[in-house]
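Peer 1: Mind having a look at this structure? Questions to follow.
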Ligand SMILES: [Fe+2]
Ligand SMILES: [Fe+2]
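Residue numbers (our numbering), protein chains in the order written: chain A, 1 to 248; chain B, 1 to 327.
What follows is the structure, given as structure tokens:
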């Protein structure tokens with residue numbers, strides 16, 4: 001079912017990135033970030049929950065948000081590869097956040113015109129959240145790029161490592177294409193120019209070179225992930241799976 | 001969380017009797033003392049230490065619960081736990097700010113925590129071993145924190161009292177949320193019920209220790225009471241906590257792990273069995289099962305984050321210089 005699959009891809013992106021951010025909780029470089037990263041994580045997990053719930057209802061097989069989040073394995077997860085990349089260091093984490101938000105902000109703005117009422121509802125809330133994520137993560141990209149020698153080297157490393165995952169953001173799977181054709185979701189490829197502009201502005205201020213990727217790494221939408229996702233899911237799902245059918 | 005009966009405070013003062021009497025008159029008149037007001041050095045020192053310990057407890061307290069965010073068994077619980085741990089960080093932030101009004105910086109306080117010089121609540125030196133601990137900590141540990149902190153809302157030092165008013169609202173939300181987690185488990189599968197009871201067994205006594213030593217062994221209480229930093233003694237607060245919590249456990253069908261626990265009609269409260277104070281002092285002194293790991297985790301976060309903080313400073317400095325150059 002195309003709409004179900006397309007919503008699932010979107011929900012998986014949000015849950016996995018939210019989970020990654022939550023891994024920082026209590027270990028951030030400063031107390032302010034111990035508040036800001038969970039904040040962003042909560043935005044993402046909140047969006048994921050609404051999307052899973054909606055997808056489950058459209059599917060009509062009685063699957064709940066938790067069934068979808070906790071009872072699928074890594075081959076069934078459909079998130080893009082960018083969001084599952086490990087936190088590595090604060091530079092990687094902030095750049096990953098910035099790249100994702102720079103994509104999702106125009107996505108949700110366009111989704112305000114969706115033919116689906118739930119999607120419009122999510123878009124109204126998430127577009128504002130993503131504006132904040134762009135600002136917060138973008139400011140860090142600038143501070144790190146134009147900070148110390150070490151911070152500049154680290155953010156350059158992050159660009160080097162993460163840029164190959166950018167193109168996948170703009171790909172639409174077959175399911176997504178169907179949902180796009182029906183006016184339910186925005187056309188991903190249309191958002192490239194906006195993304196490029198957002199990134200160019202921040203990179204100029206961060207004294208970072210405009211990146212070009214030697215190639216594009218894809219696979220998440222087909223369930224071909226990096227090895228790291230299986231570990232994330234094993235941790236996330238362990239309690240839930242150990243007690244089949246239990247209520248929490 | 002989380003103030004503990006103050007550990008190792010030193011209330012000596014050297015001011016003249018006239019000055020101290022004048023100060024005491026303000027306290028007795030329930031006036032709030034503000035950072036710029038004159039105050040005895042002992043008063044200032046006691047507050048710096050207490051607010052610092054309290055702030056550190058909030059921060060270290062993020063670790064045991066943070067340990068389960070990535071494994072929370074439902075998305076609703078995951079979001080709620082993440083938000084809860086974030087609230088604790090927020091409490092730390094208000095408290096460091098309150099302490100800073102007394103002339104100590106957050107960096108100084110952090111370094112004292114990492115060097116082991118500053119203490120924090122002994123409760124966080126116990127490990128979280130099951131999902132049920134997320135319920136029990138909210139129920140008992142945040143519950144004990146509320147008992148300690150509601151009177152602190154009337155503390156004579158204005159910034160501390162005001163911070164506590166904000167914090168207490170969130171702590172009571174945490175307490176209800178924790179109780180609800182435990183209730184769900186207690187009414188769940190047999191395995192979930194065992195998990196809930198095991199968790200109560202492990203956290204009950206450490207929660208009672210959170211109120212600090214018995215009044216008879218707590219030498220600094222009197223001065224803090226006179227200065228209205230403290231309004232109730234450790235034993236009074238512990239009694240209130242036990243009396244409030246025992247019926248809650250009964251309602252859940254869980255057993256408090258104290259065979260000596262009995263209702264005392266005459267005093268209108270419960271009598272409890274002996275607390276293992278040797279364990280308490282061991283844990284406070286950093287020999288708890290998790291003490292080394294907790295400080296190691298905080299130190300790692302601090303050390304690994306040094307380059308980020310340096311970059312932020314360097315960038316702010318560059319911006320300032322460019323602004324001046326442009327003018
Ligand atoms: Fe707290
Ligand atoms: Fe709390």
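Glycine included, C-beta positions come from ideal geometry on N, C-alpha and C. Computed from a predicted structure; not experimentally measured.
Starting from residue 233 (chain B), follow its DSSP beta bridges and name the residues at the other end.
Peer 2: Partner(s): none; residue 233 (chain B) has no beta bridge.
Peer 1: Give me the chain A residues within the contact set of residue 51 (chain B), using Cβ-Cβ distance strictly less than 9 Å, ordered along the chain.
Peer 2: Within 9 Å Cβ-Cβ: nothing; residue 51 (chain B) doesn't reach chain A, min ~15 Å.
Peer 1: How about residue 75 (chain B) and residue 12 (chain A): are their beta carbons less than 8 Å apart?
Peer 2: Not a contact, by the Cβ cut-off of 8 Å.
Peer 1: Cα separation between residue 246 (chain B) and residue 263 (chain B)?
Peer 2: If you take the alpha carbons of residue 246 (chain B) and residue 263 (chain B), they lie about 10 Å apart.
Peer 1: Report yes or no: is there a C-beta of chain A within less than 8 Å of the C-beta of residue 257 (chain B)?
Peer 2: Not an interface residue.
Peer 1: Could you check how far apart the C-beta atoms of residue 226 (chain A) and residue 95 (chain A) are, in whole angstroms? I think they sit under 8 Å.
Peer 2: With a Cβ gap of about 17 Å, residue 226 (chain A) and residue 95 (chain A) do not count as contacting.
Peer 1: Between the stretch 296-310 of chain B and the stretch 122-130 of chain B, are three or more C-beta pairs nearer than 8 Å?
Peer 2: Counting Cβ pairs under 8 Å, fewer than three are found: no touch.
Peer 1: Tell me, which residues are paired with residue 33 (chain B) by DSSP?
Peer 2: DSSP, once it has assigned bridges, lists B:157 as partnering residue 33 (chain B).
Peer 1: What did DSSP end up calling residue 115 (chain A) once you bin it into helix, strand or coil?
Peer 2: Residue 115 (chain A) falls in the coil class under three-state DSSP.
Peer 1: Determine contact between the stretch 247-261 of chain B and the stretch 148-164 of chain B, defined as no fewer than three beta-carbon pairs at a distance below 8 Å.
Peer 2: Verdict: no, contact absent.
Peer 1: Can you check which of these residues, A:233, A:148, A:216, A:47, is closest to residue 127 (chain A) by C-alpha distance?
Peer 2: Taking only the C-alpha atoms, the option nearest residue 127 (chain A) is A:47.
Peer 1: Check whether chain A comes within 8 Å of residue 192 (chain B), counting only Cβ atoms and requiring the distance to be less than that.
Peer 2: Yes, its Cβ sits closer than 8 Å to a Cβ of chain A.
Peer 1: Does the beta-carbon of residue 319 (chain B) have 16 or more other beta-carbons within 10 angstroms, so that it is buried, or is it exposed?
Peer 2: Exposed.
Peer 1: Quick check on residue 223 (chain A): does DSSP put it in helix, strand or coil?
Peer 2: Three-state result, residue 223 (chain A): coil.
Peer 1: From residue 61 (chain B) to residue 47 (chain B), what does the alpha carbon distance come to, in whole angstroms?
Peer 2: Their backbone Cα atoms lie some 20 Å apart in a straight line.
Peer 1: Would you say residue 145 (chain B) touches ligand 2, meaning its beta carbon is less than 7 Å from a heavy atom?
Peer 2: Yes; taking the cut-off as 7 Å, the Cβ of residue 145 (chain B) has a heavy atom of ligand 2 nearer than that.
Peer 1: Give the interface partners of residue 35 (chain A) over in chain B, defined as CB-CB distance under 8 Å, in chain order.
Peer 2: Within 8 Å Cβ-Cβ: 86, 89, 90, 93.
Peer 1: Since I believe residue 147 (chain B) is in contact with residue 237 (chain B) (beta carbons under 8 Å), could you give me their beta-carbon distance rounded to a whole number of angstroms?
Peer 2: Contact holds; Cβ gap of about 5 Å.
Peer 1: Got a sec, what are the start and stop residues for the alpha helix (DSSP H) residue 110 (chain B) sits in?
Peer 2: First-last of the alpha helix (DSSP H) with residue 110 (chain B): 106-114.
Peer 1: May I ask which residues mark the beginning and end of the beta strand (DSSP E) holding residue 77 (chain A)?
Peer 2: Looking at the DSSP string, residue 77 (chain A) is not in any beta strand (DSSP E), and its letter there is neither H nor E.
Peer 1: Compare the beta carbon distance of residue 124 (chain B) and residue 294 (chain B) with 8 Å and say whether it is the shorter of the two.
Peer 2: Going by C-beta atoms, residue 124 (chain B) is nearer than 8 Å to residue 294 (chain B).
Peer 1: Do three or more CB pairs link the stretch 208-220 of chain B to the stretch 159-175 of chain B at distances below 8 Å?
Peer 2: Touching, no, given that fewer than three Cβ pairs across the two stretches are closer than 8 Å.
Peer 1: Helix, strand or coil for residue 120 (chain B), going by three-state DSSP, please let me know.
Peer 2: DSSP places residue 120 (chain B) in coil when its eight states are reduced to three.
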